[in-house]
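Just below is one structure, and these are the notes that go with it.
There are 2 protein chains.
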Amino acid sequence: MDRGPVSMHTCDSAVSLAFTILGKRWNGMIVDALSAGPLSFAALRRSVEGISDAVLSDRLTELAEALLLTRVVEPGPPISVAYTLTPSGEQLVPLLRQLGQWATAHLPQSEEQTER
Amino acid sequence: MDRGPVSMHTCDSAVSLAFTILGKRWNGMIVDALSAGPLSFAALRRSVEGISDAVLSDRLTELAEALLLTRVVEPGPPISVAYTLTPSGEQLVPLLRQLGQWATAHLPQSEEQTER
Chain A
1453 MDRGPVSMHT CDSAVSLAFT ILGKRWNGMI VDALSAGPLS FAALRRSVEG
1503 ISDAVLSDRL TELAEALLLT RVVEPGPPIS VAYTLTPSGE QLVPLLRQLG
1553 QWATAHLPQS EEQTER
Chain B
1453 MDRGPVSMHT CDSAVSLAFT ILGKRWNGMI VDALSAGPLS FAALRRSVEG
1503 ISDAVLSDRL TELAEALLLT RVVEPGPPIS VAYTLTPSGE QLVPLLRQLG
1553 QWATAHLPQS EEQTER
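Protein chains in written order, with this note's numbering: chain A, 1453 to 1568; chain B, 1453 to 1568.
This is the structure:
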């Protein structure tokens, strides 16, 4: 039964790396929501339906640490804060769109989704 | 302050649909692990490092309900059970690889990842 340490097919490490970020609820949707341009926290929360303030705040910190977005403070008055994609984040957007096309073609759509 | 019901940028619903599946830890990695061919439960568990039996079992049920994989029982003796991608699941694989390439190029790699 022992197939040895090297005969096993292991999950591609690059794909695993991608899903350290994308395999968490909301992260892909937040990047997608920013694809049209910078948004304030409040506008982002409205764009990503169902997310709470606390979770959005956590995710924005995480995505900033992963260098996918930055927090931009524009001097006022009034001071305004917006979140904007970095070039790394922008390069993810076309892949997200391809995933969306794949999902539309292949995933069963729940009643909740089709009602929207 | 009211910007009306239609002026808000909302997250692309196709991308949201994709992340109902991919925005859960492990799902993308399980599909990727099956890209080389059918695997038994035990082989899958070894391929997806860190997943528990209970969570893998849940995820396989979910991915089967989403029609991305099927459970194939081969008559024995001994009877063997394997999980294999459907055509829908197979069409996701090249997108996962592109995400992996993006991640390798753009994501900061943690010490844990680079040690592997």
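Heads up, the beta-carbon is just placed ideally off N, CA and C, and yes, glycines get one too.
Through-space distance from residue j to residue i, alpha-carbon basis
i       : j       : result
A/L1569 : A/V1483 : The structure shown does not extend to residue 1569 of chain A, since chain A spans only 1453 to 1568, so no value can be given for it.
A/S1509 : A/R1523 : 12 Å
B/S1468 : A/A1466 : 23 Å
B/T1538 : A/V1533 : 45 Å
A/L1548 : A/G1475 : 13 Å
A/M1460 : B/G1502 : The predicted model places A/M1460 with a pLDDT of 40, which falls under 50 and marks its position as unreliable, so this point remains unresolved.
B/D1464 : A/H1558 : 16 Å
A/Y1535 : B/A1518 : 33 Å
B/G1552 : A/T1472 : 11 Å
B/E1526 : B/S1492 : 11 Å
A/I1531 : A/S1540 : 27 Å
A/Q1561 : B/G1528 : 37 Å
B/T1462 : A/T1556 : Low confidence applies here, because B/T1462 scores a pLDDT of 47, under 50, leaving its location unreliable; read the following figure in that light. Each residue's Cα considered, the two are about 17 Å apart.
B/Q1550 : B/S1487 : 14 Å
B/P1546 : B/D1505 : 27 Å
B/R1490 : A/G1480 : Note that residue 1490 of chain B is Pro in the sequence shown, not Arg. Distance between the alpha carbons of B/P1490 and A/G1480: 28 Å.
A/E1542 : B/E1542 : 26 Å
B/L1544 : A/L1544 : 16 Å
C-beta contact flag for residue i and residue j at 8 Å
i       : j       : result
B/A1470 : A/W1554 : yes
A/V1507 : A/A1485 : no
Bridge partner(s) assigned by DSSP for residue i
i       : result
B/A1555 : B/A1555 pairs with nothing; no bridge assigned.
A/R1549 : According to DSSP, A/R1549 bridges with nothing at all.
A/E1526 : A/S1532
B/L1537 : B/L1521
I want to know whether the stretch 1484-1497 of chain B touches the stretch 1510-1520 of chain A - three or more CB-CB distances under 8 Å.
No contact exists between the stretch 1484-1497 of chain B and the stretch 1510-1520 of chain A.
What are the start and end residues of each continuous beta strand (DSSP E) run of 3 or more residues lying completely inside the stretch 1468-1520 of chain A, in chain order?
Counting only runs of 3 or more, we get nothing.
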